[in-house]
Structures are given as structure tokens and as C-alpha cells.
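Student:
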Amino acid sequence: MSPNTKMTITEKIISAHTETEAVQPGDLVMAKVDLALGNDITAPLAIDIFEEAGAKKVFDEEKVVLVCDHFTPNKDIKSASQCKRVREFATNTNITHIYDGGDSGVEHALLPELGLVLPGDLIIGADSHTCTYGALGAFATGVGSTDLAAVMITGEVWLKVPESMKFVFYGTPNKWVTAKDYILHTIGDIGVDGALYSAMEFTGTAVTALTIEGRLTMANMAIEAGGKCGIFEPDEKIDIYLKGRSSRKYEKFTSDPKAEYIDVREYDVGKIQPLVALPHLPSNVQPVDDVEDIPIDQVVIGSCTNGRIEDLRLASEILKGRKADSNVRLIIIPATPMIYRQALNEGLFEVFLDANGIISPPTCGPCLGGHMGVLAEGERVVATTNRNFVGRMGDPKSEVYLSNPAVAAASAVLGRVAGPSALGL
Amino acid sequence: MKYKGKVYKMGDDIDTDAIIPARFLNTSDHEELGSHVMEDYAPDFRGSVRAGGILVAGRNFGCGSSREHAPVAIKVSGVPIVIAESFARIFYRNSFNTGLAIMESPEAVKGIKKGDEVEGDTESGEINNLTTGEKFQAKSIPPFMAELISDGGLIPHLKKKLEK
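Protein chains in written order, with this note's numbering: chain D, 1 to 425; chain B, 1001 to 1164.
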């Protein structure tokens, strides 16, 4: 077979993990998995299935990662039992990468930080936001607990090779416009099922200019458009990011110039304004400056989307010398212990405490209405998280407005949904 | 398999937080998960679908989180099949893996109203609205997935493969 010169990065990575030289969109393949991930919600179910299947050993003790992060520090007896189950399973099967307690953090912030995710990897996670790792040039997708159980046993997963969509970002962003706004703009454009079953490939000078953290934010929300993965071609920034994090070898795949896409969209980021996704879909996007006076009760800055150091720095730029409105609970959640320490050392905690902010330990917590900031009936939150579905962060009659960290911080100060421009910034 | 029942209808983009809110995910107990199905989103759902009811929904059913608890909760609540215009990707996989029958047909969804008596045949892909007499054809399932179903799900399928 002659080499296929029309392949996307996604097709190349999947091919490299199968016995097929060149997979095509629509092919159903068995692929070898480099890393399998479960958390305190999805892993217990997977462990039940693993044991019911009669399995005793995981396929590779180094390649299964278990992170207790959703309801941790355990919010109640049932959650504690779930984490206990995960911990005991890890001990019994000699799994190396178990995170629960002081070394744990929000999984999709934690794994790249620990160097567990590398370009060219094929990663399966029982969490929909596993797509985050595409930022590093890996193929990563979310599955359910049964799929995770099967991968833990066999080290393989069945996949339908997705078609690819290309999103080209060019131009120079305006002040306070971030990677979060790029992805919200994209979801607003194509809708919450606009990329259903497809790989979303992000490219162009404006994403090349992004930091790895910004790219993680964008890939994270591919699932919010229904995407199977969000992916970036790895560049030299990746090599710099990975230095000192991992000694494992990696291959940087890129898309062929003649690669085929079912859709190509181009966005001038200079035309994107700081955005907010109004309840109750991430596609319900509007420039924050067009939003009328909507009073809020809470602000959450954190999560696998925007809980990294860059996000906290951005929030602190706004919050420095200002205070959260007296009607707003401002909750800040550094996503990992390392980010927590960094924020502390950089003096960001001083800024947040002076602003009457509540600093939470690393957890997914309020993003999914778990704990550490659940909403009452009728309450509204501006959150840097990824979903604003009905009842996502608490009572079914509460409301979630999604934004970048600068908009969230400005909203906290003003007590309403508002961007930095409303503060004269 | 053939499934017959009275229809409960829902709209587009029904997400997994609507199917089962995350606050109930601190357990893996199937019965307990089923007792909270659609609790916030459609509190009358559980009461109105007697065992054997059929859920008919619009586009992108099951979008959002990867929680397998969602298809499990629907199935345990007594609804063995969902017919939708389209399914979110992870929910689609999870349904096959957990044995919740699903059929995809935009035409059928448009031609079925709440309370209609409907029969779905997952083998032939035929959806029959017994109330109106209208018939629809669901999108076909890839052979590999049909094999998964006939083996009883992903884990029995793997066991069969391992035994070979």
C-alpha cells in the first residue's frame, strides 16, 4: 500500500495505534491505549465491571490513572466510600498513578502537569473532558465506565475513526479576549452538536500564539460541541512545556497539507469580544458587554477548563485592589496542588483574600453541583467552567453563565454579569 | 428485540445532568440511580412511564458528561429503549455497553406524539407507531455493534473473544 498523504493528525495517531497502516474516517478499529483514566465517579462503576468480568490484573500498572477529584475532599459518606473503593482497587492491582488527597487535583489539569500525557498518545478516559489532552497533540476521548473497564483489562479500545473539522484562528485578540472566548465563539457558531462524532482540529496563527494552557482550555470544551476530540498540532512550545515533566519518548504528528476535512471554518480573533454563554447551553453565546443588568450571587473561578495558573493570574489582574460585591460569593479553585502553591508564592492569594474571595482546595466540586459552592433556587453564578445545563451547579432553578476568568472576576466585583470594560479596564 | 410501550416525549439536547443530576452520582447502586432518573428535569417522568415505556427525544440526546449512570438510570427506571433524532457520542457507546436499546430516526421522532403506542424492533430497525399506523426505518447499526448486542454487551463480547 502506498502511504496515504491525505491524513489528518487524528487519523495518523489512530493508525499508529492499530495494525492498519492508514485508517479512514468511518473505519471501526481496535486501538492500543497509552493511558486510561478514571475518577471517583466513573472508576467505581468500572471497577465493579472489571471484577464481574473476573479480571485480576490491569493491562499495565503504569498506564492506568485513577484520580479522586469530583467530590473530594469527600463531601459525604457515600463519596468517601467511592474513593475508598478506588484506593483499595489501586492497591490490589498495583496501579502506580492513584491520586487521592494532597497530591490530587482536577484530573485534566493534573495529568498534563505530571507529564503523563504526551504528543502522539492515544488516551481513553471515563470522563467527557478527556478531550482536553488534544492540546498536547494527543488523541484523547471520553468514554463510559464499561469501556474503561474493558481498556483496563485488555489495553485496547474500539473506535470509529472520526471525520475531521478544521477551525482556523487568525488575527490578534483584543484585550481580555482569551482561549475561552475562542472556543465559546466556536461552539456558538456550530452549536452543541455541531461537531457530533467529529475531531475538531484547531489551527492558525492565533492558536499557535496561545500558551499550552490556553490550548488546554480550548480542547477541553470540544465535547461541548459534541466533538470526539479537540486537537492541536504539537509545536516547539510543547517540547518546552514537557521538559522536566516526562522522559518518555514521543512523536509529533501533523496533518498532511492535503488532509481532508468535512468542514473548514476561519475566525478572525480580532472580531471576537469577551463572551458569556447564557443559560442553559454552552452555545448560547453573547458578547458580555451586550448583556443587560443581570445580578449574580456567586462567581467560580476554577475547573479543568480555567483553573490553571494563567487563569488565576488573569483573575488577579482584575481583582487587585478591588473587592467582590457584598452580594457575591467569590470562589477560587486552583486546579492542582502545584497551581495552588504557585498562586500562593506569587502572592495571588493575598489579592483573592483582600477581594473577599474564598480559596478552595483543588476539586471539581461546584462545577457539577457537587459541593464547595452549590447554588440555591433562583441563584445565578458566573463560572469559568464548561457547562451551563439546567441544574448543573445546584438547584434546577439556578442559572450558570460561562465566561473567561477576567469576565468572571469583573462580574464578582460588579455583582452582575459584566466584563472588564464595565470597570473601565 | 422488540419493544412496545407508551411514549414519553422530550426535546433536543437532553443532557446527562438532566437524566441524572451529578449530586446522585456518589453511588454505583443501579436501583438507587434509577430512582433519581430525570428527577429535576421531568419530575413526572418516573411516575408516568410504567415499566416498558418508550422515551422519544430530539437531537443530541445524552450530551454532556460521560457518566454511564445515565443510560443505567433510564434502563433501571423501566424504560428499555430510547428513540431519538440523534445521540451524543459517549451516550451512544454507553447505551450499547449497558444494554439500553437505542434507535436513531429523525422521521420517527417527528411522527410520534406523547402517549402514542409504539413498537421498536432493534433487529430490523423498524419503528411502528401503533396509534397512527405509521412506520419508520431507523438508521442501521454497524455490524460490529450488532455483534456487541448479540453477545450481550462489551464485557460478554470480550469474554467470548478471550475464550477463543
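Glycine is no exception: its CB is placed at the ideal position from the N, C-alpha and C atoms.
With a floor of 3 residues, list each beta strand (DSSP E) that falls wholly inside the region 175-251 of chain D, ordered by position along the chain.
Tutor: Listed in chain order, the complete beta strand (DSSP E) runs (minimum 3 residues) inside the region 175-251 of chain D are 199-203, 229-232.
Student: Using DSSP bridges, identify the partner residues of Q286 (chain D).
Tutor: The count along the first sequence starts at 1 and reaches residue 286 (chain D) at position 286. Looking at the DSSP assignment, Q286 (chain D) forms a beta bridge with D:V276.
Student: Hey, does E399 (chain D) have any beta-carbon neighbour from chain B nearer than 9 angstroms?
Tutor: Within the first sequence, residue 399 (chain D) is the residue found at index 399, counting from 1. By this cut-off, E399 (chain D) is not an interface position.
Student: Check Q24 (chain D) in the structure and name its three-state DSSP category.
Tutor: Taking the first sequence and counting its residues from 1, the one referred to as residue 24 (chain D) is at position 24. Coil.
Student: Quick one: what's got a C-beta closer than 7 angstroms to P1043 (chain B)'s C-beta in the same chain, skipping five residues either side?
Tutor: Taking the second sequence and counting its residues from 1, one reaches residue 1043 (chain B) at position 43. Excluding positions up to five away in sequence, the list is empty.
Student: Distance check for S198 (chain D) and F169 (chain D), CA to CA, integer angstroms please.
Tutor: Residue mapping note: residue 169 (chain D) aligns to position 169 of the first sequence, counting from 1. Residue mapping note: residue 198 (chain D) aligns to position 198 of the first sequence, counting from 1. Looking at the two C-alpha atoms, the distance is approximately 18 angstroms.
Student: Please report the straight-line C-alpha distance between N356 (chain D) and K1139 (chain B), rounded to a whole angstrom.
Tutor: On the first sequence, position 356 is the one that residue 356 (chain D) refers to. On the second sequence, position 139 is the one that residue 1139 (chain B) refers to. Computed Cα separation, rounded: 55 angstroms.
Student: Who are the Cβ neighbours of E379 (chain D) in its own chain at under 6 angstroms, not counting the five residues just before and after it?
Tutor: What you label residue 379 (chain D) is simply residue 379 of the first sequence in a count that begins at 1. Closer than 6 angstroms at Cβ, skipping near neighbours: D297, S398.
Student: Give a yes or no on whether 9 angstroms exceeds the smallest Cβ distance from F1045 (chain B) to chain D.
Tutor: Working through the second sequence from its first residue, we reach residue 1045 (chain B) at position 45. No, F1045 (chain B) lies away from the interface with chain D (no Cβ there is under 9 angstroms from its Cβ).
Student: Grouping DSSP H, G and I as helix and E and B as strand, with all else coil, what is L402 (chain D)?
Tutor: Walking along the first sequence from the start, residue 402 (chain D) turns up at place 402. Here L402 (chain D) sits in strand by DSSP.
Student: Take the Cβ of Q82 (chain D) as the centre, count every other Cβ of all protein chains shown within 10 Å, and call the residue buried at 16 or more, exposed below.
Tutor: In the first sequence, residue 82 (chain D) corresponds to position 82, counting from 1. Q82 (chain D) should be labelled buried.
Student: Please classify M1 (chain D): does DSSP put it in a helix, a strand, or coil?
Tutor: Translated into the one-based positions of the first sequence, residue 1 (chain D) becomes position 1. Note that M1 (chain D) has pLDDT 42, beneath the 50 cutoff, so the model's placement of it is unreliable and the number below is only indicative. Coil at M1 (chain D), not helix or strand.
Student: At the level of alpha carbons, what is the spacing between T1122 (chain B) and M1145 (chain B)?
Tutor: Numbered from its first residue, the second sequence carries residue 1122 (chain B) at position 122. Numbered from its first residue, the second sequence carries residue 1145 (chain B) at position 145. Distance between the alpha carbons of T1122 (chain B) and M1145 (chain B): 12 angstroms.
Student: From which residue to which residue does the alpha helix (DSSP H) around G1034 (chain B) run?
Tutor: For the purposes of this step, residue 1034 (chain B) is taken as residue 34 along the second sequence, with counting starting at 1. G1034 (chain B) -> alpha helix (DSSP H) spans 1030-1034.
Student: So I339 (chain D) and G365 (chain D) are supposed to be a Cβ contact under 8 angstroms. How far apart are they, rounded?
Tutor: Walking along the first sequence from the start, residue 339 (chain D) turns up at place 339. Walking along the first sequence from the start, residue 365 (chain D) turns up at place 365. With a Cβ gap of about 15 angstroms, I339 (chain D) and G365 (chain D) do not count as contacting.
Student: What's the call for R341 (chain D), buried or exposed, on a 16-neighbour Cβ count within 10 Å?
Tutor: Stepping through the first sequence from its first residue, residue 341 (chain D) is reached at position 341. Exposed, since its Cβ has fewer than 16 Cβ neighbours within 10 Å.
Student: Going along chain D, which residues have a C-beta under 9 angstroms from T1131 (chain B)?
Tutor: As a position in the second sequence, residue 1131 (chain B) is number 131, starting the count at 1. Neighbours of T1131 (chain B) on chain D: none; closest Cβ ~29 angstroms, over 9 angstroms.
Student: Please list, in chain order, all residues of the same chain as V285 (chain D) whose beta carbon is under 8 angstroms from its beta carbon, the five residues on each side excluded.
Tutor: Against the first sequence, residue 285 (chain D) aligns to sequence position 285. The answer, listed in chain order, is L184, H185, I187, G188, L275, V276, A277, L278.
Student: Roughly how many angstroms lie between the CA atoms of A406 (chain D) and E224 (chain D), to the nearest whole one?
Tutor: The residue you call residue 406 (chain D) lines up with position 406 of the first sequence. The residue you call residue 224 (chain D) lines up with position 224 of the first sequence. C-alpha separation (whole angstroms): 21 angstroms.
Student: Would DSSP call K1004 (chain B) helix, strand or coil?
Tutor: Here residue 1004 (chain B) refers to the residue found at position 4 when the second sequence is read from its first residue. Strand.
Student: Please decide whether G1153 (chain B) counts as near chain A, where near means a Cβ-Cβ distance under 9 angstroms.
Tutor: In the displayed structure, chain A is absent; the protein chains listed are D and B.
Student: Compare the C-beta of S1077 (chain B) with all C-beta atoms of chain D and state if any pair is closer than 9 angstroms.
Tutor: Mapped onto the second sequence, residue 1077 (chain B) falls at position 77. So no, S1077 (chain B) is outside the interface.
Student: For chain D, check one thing: does any of its Cβ atoms lie closer than 9 angstroms to the Cβ of K1004 (chain B)?
Tutor: One-based indexing of the second sequence puts residue 1004 (chain B) at position 4. No, because no Cβ of chain D sits closer than 9 angstroms to the Cβ of K1004 (chain B).
Student: At least one CB of chain B closer than 9 angstroms to the CB of R380 (chain D): is that the case?
Tutor: Here residue 380 (chain D) is taken as the residue at index 380 of the first sequence, counted from 1. R380 (chain D) does not count as touching chain B.
Student: How many whole angstroms separate the CB atoms of V351 (chain D) and K320 (chain D), which I take to be in contact at a CB cut-off of 8 angstroms?
Tutor: The sequence position of residue 351 (chain D) within the first sequence is 351, counting from 1. The sequence position of residue 320 (chain D) within the first sequence is 320, counting from 1. Indeed they touch by this definition, with Cβ atoms about 5 angstroms apart.
Student: Quick one: what does DSSP say N306 (chain D) is sitting in, helix, strand or coil?
Tutor: Taking the first residue of the first sequence as position 1, residue 306 (chain D) is located at position 306. N306 (chain D) falls in the helix class under three-state DSSP.
Student: Which class does C367 (chain D) belong to by DSSP, given the choice of helix, strand or coil?
Tutor: Indexing the first sequence from 1 puts residue 367 (chain D) at position 367. Reduced to three states, the DSSP call for C367 (chain D) is helix.
Student: Taking only beta-carbon positions, decide if Y1008 (chain B) is within less than 9 angstroms of chain D.
Tutor: Within the second sequence, residue 1008 (chain B) is the residue found at index 8, counting from 1. Closer than 9 angstroms: no.
Student: Is any non-hydrogen atom of the ligand NAP found closer than 8 angstroms to the C-beta of V33 (chain D), if you look at the structure I gave you?
Tutor: Questions concerning the ligand NAP fall outside what the structure shown contains, since it holds no ligand whatsoever.
Student: Within the same chain, show all residues whose beta-carbon is closer than 7 angstroms to that of V1037 (chain B), passing over the 5 residues directly before and after it, in chain order.
Tutor: By 1-based counting over the second sequence, the position of residue 1037 (chain B) is 37. Closer than 7 angstroms at the Cβ level, and outside the excluded window around V1037 (chain B), lie I1019, I1020, F1045, R1046, A1073, I1074, S1077.
Student: How big is the Cα-Cα spacing for K1164 (chain B) and P396 (chain D)?
Tutor: To locate residue 1164 (chain B), count along the second sequence from 1; it is residue 164. To locate residue 396 (chain D), count along the first sequence from 1; it is residue 396. Whole-angstrom Cα-Cα distance: 50 angstroms.
Student: Within 10 angstroms of the Cβ of R248 (chain D), are there 16 or more other Cβ atoms? Answer buried if so, exposed if not.
Tutor: If you number the first sequence from 1, residue 248 (chain D) lands on position 248. By the 10 Å Cβ count, R248 (chain D) comes out exposed.
Student: By the criterion of Cβ-Cβ separation under 8 angstroms, what are the contact partners of Y197 (chain D) in chain B?
Tutor: Taking the first residue of the first sequence as 1, we reach residue 197 (chain D) at position 197. Neighbours of Y197 (chain D) on chain B, chain order: R1089.
Student: Note down the Cα distance separating S2 (chain D) from I240 (chain D), rounded to an integer number of angstroms.
Tutor: By 1-based counting over the first sequence, the position of residue 2 (chain D) is 2. By 1-based counting over the first sequence, the position of residue 240 (chain D) is 240. Residue placement at S2 (chain D) is flagged as unreliable, the pLDDT there being 46, under the threshold of 50; the coordinate-derived value follows with that caveat. S2 (chain D) and I240 (chain D): Cα-Cα distance of roughly 35 angstroms.
Student: Quick check: what's the CA-CA separation for I1149 (chain B) versus P1156 (chain B)?
Tutor: In the second sequence, residue 1149 (chain B) corresponds to position 149, counting from 1. In the second sequence, residue 1156 (chain B) corresponds to position 156, counting from 1. If I take the Cα positions, the gap works out to 10 angstroms.
Student: Between T10 (chain D) and L148 (chain D), what straight-line distance do the alpha-carbon atoms span, to the nearest angstrom?
Tutor: Reading the first sequence from its first residue, position 10 is the one you call residue 10 (chain D). Reading the first sequence from its first residue, position 148 is the one you call residue 148 (chain D). Their Cα atoms are separated by approximately 21 angstroms.
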